[in-house]
Amino acid sequence: MTSPKRILAVLGIVLAALVAFGAWALSSPVGATPDEDFHLASIWCGSGEREGLCGAGSVPENRAIPDKIAESICYAHEGDRSAACQGEGFLDSGFGLEDSRRVNSNGQYPTGYYFWTSFLASDNLAVSTLVMRFAHALLFTVLAVATWLLLPRANRVALLGAVAITFVPLGMFLIPSVNPSGWSIASGALLLPALLGYLTTTGRRSWALGGLAIVAALLGLGARGDSAAYAVVAVLAALVLAFRPTIEFLLRAILPLAIILASAFTFLTAGQTGLALDGMTQNGFEFLSPRILLFENVLDLPELYAGVFGQNFDSSDYTGLGWLDTPLPAAVWAPTTFVFAAVILTAIARFDWRRAVALLGVGLAAAAIPLYIHFQSHVPIGFQVQPRYVMPLLIVFAAVALSPSPDGHVRLLRLPRLTRVQWWIVAGLLSLANSVALFSNMRRYVSPGNFNLNDGDWWWRSAPPPMLVWLIGSLAFAALTVVLVGLLRRNGETERAAESVTVPQSVRSGAVA
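Residues in the sequence shown are numbered consecutively from 441, following my numbering.
What follows is the structure in structure tokens.
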């Protein structure tokens, strides 16, 4: 039976996560994520033509979309311009409709994300955008907590650890957003742990985790075409980690194989896939020979993944958050990069063939996919392929490194052996990085060049003062990190106490600890 303390702890985790995500949802104006004008138009037209929200365009490829959408991105690529450029009446209800081709009318993106989010659209662009941001934050939080509760104790670190060491700052920025990359990132974080739990447990717990794995896969398949490729990578990694030469495993593998087939269909039919396979247009690099470009891109590939942690591109004018126009200080990317490297290196100290094969496969995919797109597009690292595109692969890599690999028995000692002081250093560094990133993002739109956010040019109506939002959001994230570190440490203590113990396959599906 679930104890009141456990219920309160779960509710506290959910509340802290929602407050932390909520601060990020408020930290930027309408239109702040890359290509958000396209995504907003596609959301408002996601359910087809609706009176006052979306209409037919002048040609079949066009749609009549809210005219405020074009106004919303007035600050894009203008680092010294605040969101006040949207105008005094931007936050009011009502808008006109104007003809536009910047909409998902030709299937460039999968339609699932736009369809489901469109039910939150209204005649108030600003309010609806905020509602969508909070709804996406709630969706991820509920799915993550449900997966964590259902997973066996030994498997939970793959979910908690992978999210903790990869989400700052890009995940915190995109999960509570109206950018499809938010669902792609959520899928990358949830699919492998849920599927691995499904394959290594029995009974109702197994089927519940299988259902969550399906939901996680659908999030990615409905958001971006490349998420389908990442889903295949995650499923194959889970199958390698959980493989057993038994009839029972072959029957259980039907669900993962079905996800692979659905992912393959989505990948092959998405408009993004054709662009990626054929190369995306970018002029200005014709002078580079293909071999030299490939060689330089191999050397610069870590820079792409460093962008997930807030690192700035050396070879490109685009950098950071927003429309890649919000650079972040070293106080963000240095701690996050250090934490990721330290945890992964500690995790792989205990190795076995399953994790070696899975890590190698994910690592090769993480290198080959962006290198191929850059080669086809004939551009260096820093152009076309953005860190948010490949972030799901980084999360899957971290989850594999932190996962147990059962082979007839549950191997209990899989948690990185960090001391209490080391765990608190991890929590402190992540909290610092999140706070600095949140402040930097808010400052970009509220008060460029100033430090007092309350004395800025722009802010939401009826929202708490920006400095208060930053403070509460920072404290909520710190509290959440402390709780998660406590859970990870408790798992570690339990596993160390049972280091030499193996649990028979028949009891692997015991009650949730």
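Yeah, the Cβ is synthetic: ideal placement off N, Cα and C, and Gly gets one too.
Simplified DSSP assignment, three categories, for residue i
i    : result
E889 : The sequence shown places Gly at residue 889, not Glu. In this structure, G889 counts as coil in the three-state DSSP scheme.
T759 : strand
R851 : Reliability fails at R851, whose pLDDT of 42 lies under 50, so the model's placement of it is uncertain and the value that follows must be treated cautiously. It is a strand residue.
G637 : helix
A903 : coil
S558 : helix
R552 : Correcting the residue type first, residue 552 is Gly in the shown sequence and not Arg. G552: helix per DSSP, three-state reduction.
D532 : coil
T766 : strand
F725 : coil
R948 : At R948 the pLDDT is 42, less than 50, meaning the model places this residue with poor confidence and gives no usable figure here.
M441 : Note that M441 scores a pLDDT of 43, beneath 50, so its modelled location is shaky; the value from the coordinates is reported in the next line. Coil at M441, not helix or strand.
R692 : helix
D792 : coil
E511 : helix
D740 : helix
L591 : coil
S880 : helix
F823 : coil
T569 : helix
R521 : coil
P474 : coil
P469 : coil
I436 : Because the chain in this structure spans residues 441 to 953, residue 436 falls outside the shown range and cannot be described.
Those residues which DSSP pairs with residue i across a bridge
i    : result
A805 : Partner(s): none; A805 has no beta bridge.
E538 : I505
A496 : R503
R490 : C494
Nearest candidate by alpha-carbon position, reference residue i, set the options
i    : options                   : result
H576 : A657, S522, S512 and F461 : F461
S843 : A798, W863 and Y812       : A798
A781 : V866, V675, S545 and A634 : V866
I615 : V840, L761, A873 and A918 : L761
V459 : A918, W556 and H814       : A918
V450 : I509, C494, L800 and V582 : V582
Q487 : L681, F555 and S545       : Reading off the sequence, residue 487 comes out as Ser, not Gln. Selected option, being the one with the closest Cα: F555.
L480 : S498, L466, E511 and V499 : E511
I505 : F707, F535, L635 and F530 : F535
V748 : M572, I835, A693 and C525 : I835
I447 : F530, S902, V585 and Q526 : V585
A805 : L466, V499 and D666       : D666
V925 : G529, F530 and I605       : I605
P742 : V840, G803, L691 and P550 : G803
K508 : W863, C494 and Y549       : C494
I654 : A698, Q816 and F815       : A698
V840 : A674, L908 and L728       : A674
Chain C contact for residue i (CB, 7 Å cutoff)
i    : result
R731 : The structure shown contains no chain C, having only a single protein chain.
Residue burial classification, residue i (beta-carbon count within 10 angstroms, cutoff 16)
i    : result
W647 : exposed
W793 : exposed
D765 : buried
A838 : buried
H849 : Low local confidence applies: a pLDDT of 35 at H849 is under 50, so the model's placement there is unreliable, with the coordinate-based value given in what follows. By the neighbour-count rule (16 or more Cβ atoms within 10 Å), H849 is not buried but exposed.
K445 : exposed
R731 : exposed
F823 : buried
H818 : buried
R503 : buried
F735 : exposed
A668 : buried
F791 : exposed
Contact under 7 Å by Cβ, residue i with residue j
i    : j    : result
I453 : D477 : no
L652 : T587 : yes
L870 : A456 : no
S468 : Y885 : yes
R828 : S621 : yes
S540 : D897 : no
P888 : G750 : no
I483 : S562 : no
R645 : L590 : yes
G660 : S627 : yes
T759 : P769 : no
L878 : W910 : yes
F574 : A465 : yes
A671 : A657 : yes
V876 : A771 : yes
P906 : L893 : yes
A598 : P633 : yes
A516 : W763 : yes
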